[in-house]
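Sequential numbering from 3 applies to the sequence shown in our numbering.
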Amino acid sequence: MKRHPPRGSISTRAPRRRFLQGLAAGGAVSVVLALAGCGNSGAAGDDPRADPRDASRVAAGAGLYAQHCASCHGVRREGQPDWRQRLPNGRLPAPPHDESGHSWHHPDAVLFAITKYGFVPPYAPPGYASDMPAFGGRLSDAEIWAVLAWIKSHWTSGEVLAARREMTRNAR
Ligand code: HEC
């Protein structure tokens, strides 16, 4: 599992990275939850609506992922090649949703909100340009949670699960 970008690409990724790390550190969690519309569930890293043990939800998510996400994030969630390097247009490629990426570093509420609203504040600085579409108009909330449940059903390594448990504990 690669947790850090290779030497040389750190400066290019730093702004949004630092921004999201700041979010993860807690400052903006309540803002995120308010925007994501899930204030009742607390600031947990894992949300029951994206429960990877829910077989029917996971099955629904598999089809939705293939239809709406695989073209960019890869059929096996492997992301686009050289995903840490900016494209000629200055934007970032689609990162993996497997354990080699960093999606698993984000609480479910953040994953949900990025999928629904795209990279807009508070998930990115104002004016941030990104190729990640906002799916709010195309997928229902339930469909977005199902896709996330499917993605999460592949996060099985001890290290990733321990990190997510820790995140959930810290968020309480
Ligand atoms: C047209 C290409 C495209 C499609 C289709 C797409 N994405 Fe993305 N996605 C991206 C790009 C590019 C990024 C990285 C954007 C950035 O960092 O500026 C991204 C980033 C993300 C992130 C943040 C990951 C992280 O580690 O920070 C999530 C979550 C995400 N996408 C979920 C989804 C889901 C779920 C779907 C399907 C419903 C989807 N995406 C479909 C291009 C796409």
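Even glycine gets a Cβ: it sits at the ideal position worked out from N, Cα and C. Quick caveat: nothing in here was measured; it's all calculated off a predicted structure.
Any idea what DSSP makes of residue i, helix, strand or coil?
{"i": "Tyr130", "result": "coil"}
{"i": "Gly160", "result": "helix"}
{"i": "Gly63", "result": "helix"}
{"i": "Trp85", "result": "coil"}
{"i": "Ala148", "result": "helix"}
{"i": "Phe114", "result": "helix"}
{"i": "Tyr125", "result": "coil"}
{"i": "His75", "result": "helix"}
When you measure from the CB of residue i to every non-hydrogen atom of the ligand HEC, does any distance come out below 6 Å?
{"i": "Leu94", "result": "yes"}
{"i": "Asp133", "result": "yes"}
{"i": "Leu113", "result": "yes"}
{"i": "Ser73", "result": "yes"}
{"i": "Ser102", "result": "no"}
{"i": "Val122", "result": "no"}
{"i": "Ser159", "result": "no"}
{"i": "Pro70", "result": "The sequence shown places His at residue 70, rather than the Pro named in the question. Correct: His70 has its Cβ closer than 6 Å to the ligand HEC."}
{"i": "Val176", "result": "Outside the displayed span of the chain (3 to 174) sits residue 176, for which this structure offers no information."}
Nearest to residue i by CA position, among the options, is which residue?
{"i": "Gln82", "options": "Gly65, Ser102, Ala64", "result": "Ser102"}
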